[in-house]
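>
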Amino acid sequence: MTPEEFTNALNTKAKEIQRYANTRYPSVAGNIALRFINGNFRAQGFQGQSFERWKKSRKPRGSTLVKTGALRAANYYTTQPGQTTLKNSMPYAKAHNEGFNGTVSIKSHTRNKYSKRQQGTGKFTKKGKERMQTVTYKSGSSQVRAHQRKMNIPKRQFMPTHPNDSPVLNNAIERQVARDIKQIMQ
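Numbering (this note's numbering), first residue to last: 503 to 688.
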């Protein structure tokens with residue numbers, strides 16, 4: 503290989519790496535970060551410098567921070583050349599990720615009251631007795647005035663907030679980038 507051919511090959515590889523850094527790297531890093539966040543939900547804690555388990559919630563069953571799965575599913579990333587930004591579209595995501603202690607204003611609203619009763623289904627047993635089913639119905643409502651409420655939401659971090667917040671995430675991204683660059687340089 504002549505010096506000119508070597509220079510041309512080196513310039514070609516440099517352009518490929520530049521293209522990788524601007525276009526493909528942000529998506530690779532974003533996908534790794536989303537897998538990391540989902541892993542935090544599965545583990546019920548945050549893997550930062552060390553593993554920080556979330557404080558248990560008072561609900562009788564299910565896992566902490568997951569009732570419908572909307573908070574977990576709302577994680578996404580946006581890309582710009584050479585950059586990835588993690589986001590969550592839920593309005594309460596920041597309060598859970600960073601914790602919140604303060605006063606909240608509650609607007610006036612209507613509170614419904616529900617009751618249950620037994621109702622016939624129209625079907626009968628072998629002995630001729632009608633089958634019953636429990637039906638829930640709205641039995642009343644009351645007006646709630648606007649008021650203030652003190653809230654204390656403990657910090658249950660699931661998403662990194664600083665560039666060096668999680669060495670585990672950074673190492674996973676670095677390993678993948680090293681593999682990709684090695685493949686480009688072959």
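Backbone N, C-alpha and C fix where the C-beta goes; we use that ideal spot for every residue, glycine too.
Could you check whether S591 and G576 sit closer than 7 Å to each other, using their CB atoms as the reference points?
Taking the sequence shown and counting its residues from 1, one reaches residue 576 at position 74. Taking the sequence shown and counting its residues from 1, one reaches residue 591 at position 89. The question names Gly, yet the displayed sequence has Ala at residue 576. Yes, they are a contact pair.
> Do you know offhand how far M653's Cα is from V606's?
On the sequence shown, position 151 is the one that residue 653 refers to. On the sequence shown, position 104 is the one that residue 606 refers to. C-alpha separation (whole angstroms): 7 Å.
> Return yes when the Cβ of F602 is within less than 7 Å of the Cβ of I539, no when it is not.
Within the sequence shown, numbered from 1, the residue matching residue 539 stands at position 37. Within the sequence shown, numbered from 1, the residue matching residue 602 stands at position 100. No.
> If you draw a straight line from the C-alpha of T586 to the C-alpha of G550, how long is it?
Within the sequence shown, the letter at position 84 stands for residue 586. Within the sequence shown, the letter at position 48 stands for residue 550. About 19 Å.
> By the three-class DSSP mapping on this structure, what secondary structure does L588 have?
By one-based count along the sequence shown, residue 588 stands at place 86. In this structure, L588 counts as strand in the three-state DSSP scheme.
> Going by C-alpha to C-alpha distance, which of A648, G584, K569 and L588 sits closest to Y578?
Translated into positions along the sequence shown, residue 578 becomes position 76. It is L588.
> Let me check understanding here. Comparing Cα to Cα, which of K561, F548 and W556 lies closest to D667?
As a first step, residue 667 is located in the sequence shown; it is residue number 165 there, counting from the start. When each option's Cα is compared against that of D667, the closest is F548.
> Would you report the Cα separation of L671 and I534, rounded to the nearest angstrom?
Numbered from 1 along the sequence shown, position 169 holds the residue referred to as residue 671. Numbered from 1 along the sequence shown, position 32 holds the residue referred to as residue 534. Going by the C-alpha atoms only, they are around 8 Å apart.
> From K625 to E632, what distance separates their C-alpha atoms?
Indexing the sequence shown from 1 puts residue 625 at position 123. Indexing the sequence shown from 1 puts residue 632 at position 130. Approximately 6 Å, taken between the alpha carbons.
> If we ignore side chains and look at the alpha-carbon of each, how far apart do I686 and E518 end up?
The residue given as residue 686 occupies position 184 in the sequence shown. The residue given as residue 518 occupies position 16 in the sequence shown. I686 and E518: Cα-Cα distance of roughly 7 Å.
> Smallest Cα separation from G642: which of R658, K618 and R651?
Here the question's residue 642 lines up with position 140 in the sequence shown. Across the set R658, K618 and R651, the C-alpha of K618 shows the shortest separation from the C-alpha of G642.
> First and last residue of the alpha helix (DSSP H) that includes N513?
Here residue 513 is taken as the residue at index 11 of the sequence shown, counted from 1. Segment P505 to R521, the alpha helix (DSSP H) holding N513.
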